[in-house]
Every structure is written in structure tokens, then in C-alpha cells.
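In my numbering, the protein residues as written are 12 to 95.
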């Protein structure tokens, strides 16, 4: 049960990260969508900033840190669960 809870929480956080990245492509400066984007930013940016310090944007424009962050999260959780 504990293992499935950990996997479920990591899957939920992965979905939040994915939605945050998709919303970053949409102009969301005001309104409800803007507020949701700001809340998701407060949840996602601390984790993403860990990777942004290590991985610079490719060509100065393309940020691949969300992809790396999602992969590390998924593989890391699966590895930890396999140890339990």
C-alpha cells in the first residue's frame, strides 16, 4: 500500500508538471487561467529550478529541464519503490 501511494503521488506530481509546462506555452497573464498558472508555478518551480541550475537552455532558447525533471522523477521513484 505504501509503495502504491508513493507511485500515485509521483504520477500526480508528474501530471502537474506536465500541465504547468503546457500552460507556459499559452499567454496567461490574467484571469483564472493566470491564477492557476501562478499556483502551479509555486508548486513546480522549486523542483524545476534544481535542474535549471545544472542544464543550460539549448541554443539559448530551448529549455529541456522539464523533460529531464520528469524522467528523473519517474525513474527515481520507481527505483526507490523497488528497494522497499
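Quick reminder that beta carbons are idealized off the backbone N, C-alpha and C, glycines included.
Spatial distance of residue i from residue j (CA atoms)
i	j	result
residue 72	residue 88	30 Å
residue 53	residue 31	10 Å
residue 19	residue 35	24 Å
residue 15	residue 50	26 Å
residue 85	residue 68	22 Å
residue 41	residue 65	31 Å
residue 44	residue 23	20 Å
Where residue i sits in the DSSP three-state scheme
i	result
residue 43	helix
residue 91	helix
residue 12	coil
Sub-8 Å separation of residue i and residue j beta-carbons
i	j	result
residue 37	residue 92	no
residue 28	residue 95	no
Beta-bridge pairing of residue i - partner residues as DSSP gives them
i	result
residue 69	73
Take every Cβ of the segment 77–85, pair it with every Cβ of the segment 54–64, and state whether three or more of those distances are shorter than 8 Å. yes
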